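Protein chains: 2
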Amino acid sequence: MSKTAGIIIIGNEVLSGKTQDTNSHFLCQELRTLGVEVQRISVIPDEIELIGNEAASFSRQFDFVFTTGGVGPTHDDVTMAGIAHGFGLKVIRHPELERRLRERHGENINEARLRMAEVPEGAELVGGGSLYAAVAKVRNIYVFPGIPKILQQRFLVIKERFRDAPFFLNVVYVKEGEGVIASILNNLLKDFPDLLLGSYPVLDNPDYKVKLTLESKDRVYLNRAFEKLISTIPKGAIHRIEGN
Amino acid sequence: MSKTAGIIIIGNEVLSGKTQDTNSHFLCQELRTLGVEVQRISVIPDEIELIGNEAASFSRQFDFVFTTGGVGPTHDDVTMAGIAHGFGLKVIRHPELERRLRERHGENINEARLRMAEVPEGAELVGGGSLYAAVAKVRNIYVFPGIPKILQQRFLVIKERFRDAPFFLNVVYVKEGEGVIASILNNLLKDFPDLLLGSYPVLDNPDYKVKLTLESKDRVYLNRAFEKLISTIPKGAIHRIEGN
Numbered sequence: 008m009s010k011t012a013g014i015i016i017i018g019n020e021v022l023s024g025k026t027q028d029t030n031s032h033f034l035c036q037e038l039r040t041l042g043v044e045v046q047r048i049s050v051i052p053d054e055i056e057l058i059g060n061e062a063a064s065f066s067r068q069f070d071f072v073f074t075t076g077g078v079g080p081t082h083d084d085v086t087m088a089g090i091a092h093g094f095g096l097k098v099i100r101h102p103e104l105e106r107r108l109r110e111r112h113g114e115n116i117n118e119a120r121l122r123m124a125e126v127p128e129g130a131e132l133v134g135g136g137s138l139y140a141a142v143a144k145v146r147n148i149y150v151f152p153g154i155p156k157i158l159q160q161r162f163l164v165i166k167e168r169f170r171d172a173p174f175f176l177n178v179v180y181v182k183e184g185e186g187v188i189a190s191i192l193n194n195l196l197k198d199f200p201d202l203l204l205g206s207y208p209v210l211d212n213p214d215y216k217v218k219l220t221l222e223s224k225d226r227v228y229l230n231r232a233f234e235k236l237i238s239t240i241p242k243g244a245i246h247r248i249e250g251n
Numbered sequence: 008m009s010k011t012a013g014i015i016i017i018g019n020e021v022l023s024g025k026t027q028d029t030n031s032h033f034l035c036q037e038l039r040t041l042g043v044e045v046q047r048i049s050v051i052p053d054e055i056e057l058i059g060n061e062a063a064s065f066s067r068q069f070d071f072v073f074t075t076g077g078v079g080p081t082h083d084d085v086t087m088a089g090i091a092h093g094f095g096l097k098v099i100r101h102p103e104l105e106r107r108l109r110e111r112h113g114e115n116i117n118e119a120r121l122r123m124a125e126v127p128e129g130a131e132l133v134g135g136g137s138l139y140a141a142v143a144k145v146r147n148i149y150v151f152p153g154i155p156k157i158l159q160q161r162f163l164v165i166k167e168r169f170r171d172a173p174f175f176l177n178v179v180y181v182k183e184g185e186g187v188i189a190s191i192l193n194n195l196l197k198d199f200p201d202l203l204l205g206s207y208p209v210l211d212n213p214d215y216k217v218k219l220t221l222e223s224k225d226r227v228y229l230n231r232a233f234e235k236l237i238s239t240i241p242k243g244a245i246h247r248i249e250g251n
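Written out as structure tokens, the structure reads:
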């Protein structure tokens, strides 16, 4: 069994079409490379109760939960309050974050800026020691800001804690359409029911019509499935193969 | 009250980081322009039970539901079976889709290709009359393929059925950071509690630090809120204004 993850994207700006979320794709790619299986992504509004319900539900379902967005100093930054609500926790000012903020802002510190020190009671700081490197961890939930550049920096600092056994992947580009090869794929899965097999039609490419992905955490099993596929697909139908 | 929508992205390729979903952003932009409020996006695996539960839950919660992905002829295309499962319906071959597929493929028709005629019992075809233009509608759920180009073509054919009263939007780019203007925004919301107000920090732009979005379906209300904001924000702090 892989370690599992869920991602909660918090932000009206995504739902209203103003911003394209790229954080979930970054996290999905990184986590896959780490051997972690992302099982669900939710995009939800900046609302305390919705955030709380989703955080509590994801926390029960997955090994790791990642939230992005809603952690600034303004009215619509309610992620910390939401997560606290989901677990029946109080929101407190984290002393270490407060210290760093006061150091950063000096006499320009104000109530809005101090909101950035707020975390659910019991939250732990993980990651770097600087003001902007810390990630608040509440149970198995890692709270990230919505700005991609900052999220990426922080994730890369702490990513090793999520590492699990790797996935192995082979990719086969096929010149025939899905309607032709579907039965071959079904037969392959009869022999290799645990194979992670994806079949993706590709439009407008003169060289191939389908991209097949074969994956497993068991390299030997993957290789056997791959050999079987190669031996059953019609001669000349394979455009290209990639593997690791 | 706006009409509401939920979007279900079905696809292991998104969760495993192989593909960046762009369909949800396209739909969010289009629906916003139509005056529809997208309230939730879920990205879930190609699994019948998960699809069924999500479809049934979204169908109850939102006026319109859009699914993308999982409608081809291969083993991992289980969206129709999933939605059927969610409502306790049988999967049947839609006679009109079957007719079009047989016409298209002639003697090369096979079981895999005929899977593309499968829909939950009672599904209605909406949209164009050609093979590839039809969208299956099950209750309030519109089933789209995952390929962005096809999804976009089909959505644009049927989009007028979703139109609601429009949102009006003003955007203000501010030279001061969120830590400075947060209290101004809080005061604005005390006077205009129904204003949809977003505050988004912008990194690395020499001209402004925050993008503020003010929205409402009531143009007069929006204009009043906008005037109030402009009159309370520090002189010289506004970089640029956009509005409709």
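Respectively, the protein sequence lines represent chains S and G. Okay, so the first sequence: first residue is 8 according to my numbering, each after it adds one. Okay, so the second sequence: first residue is 8 according to my numbering, each after it adds one. Where a beta carbon is used, it is the ideal one built from N, C-alpha and C, also for glycine. Computed from a predicted structure; not experimentally measured.
Is the beta carbon of S:A232 closer than 7 angstroms to that of G:L119? First, the amino acid is wrong: residue 119 of chain G is Ala here, not Leu. No, the Cβ-Cβ distance between G:A119 and S:A232 is not below 7 angstroms.
By alpha-carbon positions, which one of S:V98, S:G79, S:Q36, S:P80 ends up nearest to S:A88? S:V98
Span of the beta strand (DSSP E) around S:Q246: Looking at the sequence shown, residue 246 of chain S is not Gln but His. Taken as a continuous stretch (DSSP letters only), the beta strand (DSSP E) holding S:H246 covers 245 to 250.
How would you list, in chain order, the residues of chain G whose beta-carbon sits under 9 angstroms from the beta-carbon of S:S66? Within chain G, no residue comes near S:S66; the closest Cβ sits about 17 angstroms away, beyond 9 angstroms.
Based on the DSSP output, what are the partners of S:V99 in its beta bridges? The sequence given here places Ile at residue 99 of chain S; Val does not occur at that position. S:I99 pairs with S:V126.
Tell me whether G:P127 is buried or exposed, calling it buried when 16 or more other Cβ atoms sit within 10 Å of its Cβ. buried
Closer than 7 angstroms, Cβ to Cβ, to anything on chain G: give me those residues from the region 181 to 203 of chain S, in chain order. E185, G186, A189, S190, L192, N193, L196
G:S9 versus chain S: which residues are under 9 angstroms apart at the beta carbon? Within 9 angstroms Cβ-Cβ: nothing; G:S9 doesn't reach chain S, min ~11 angstroms.
Under a Cβ-count criterion, where at least 16 other Cβ atoms within 10 Å of its own Cβ denotes burial, should S:G186 be classed as buried or exposed? buried
Can you check the region 43 to 115 of chain S for any beta strand (DSSP E) of at least 3 residues that lies completely inside it and give the ranges in chain order? 44 to 51, 71 to 75, 98 to 100
Can you say whether G:V181 is buried or exposed, counting buried as having 16 or more other CB atoms within 10 angstroms of its CB? buried
In the DSSP assignment, find the beta strand (DSSP E) that holds G:K144 and state where it starts and stops. 141 to 145
Can you tell me which residues form a DSSP beta bridge with S:E20? For S:E20, which the question treats as bridged, DSSP gives no partner whatsoever.
Would the region 90 to 106 of chain G and the region 55 to 70 of chain G be scored as touching if the rule is three or more Cβ pairs under 8 angstroms? yes
Counting only Cβ-Cβ distances shorter than 9 angstroms, please list the residues of the region 47 to 66 of chain S near chain G, keeping chain order. R47, I48, S49, V50, I51, P52, D53, L57
I'd like to know if G:T81 contacts chain S, where contact means its C-beta is closer than 7 angstroms to some C-beta of that chain. yes
Can you pull the DSSP bridge partners for S:N177? S:L221, S:G250
Look at the Cβ atom of G:S31, then the Cβ atom of G:I15, and state whether they are nearer than 7 angstroms. no
Consult DSSP for S:V164 and reduce its assignment to one of helix, strand or coil. helix
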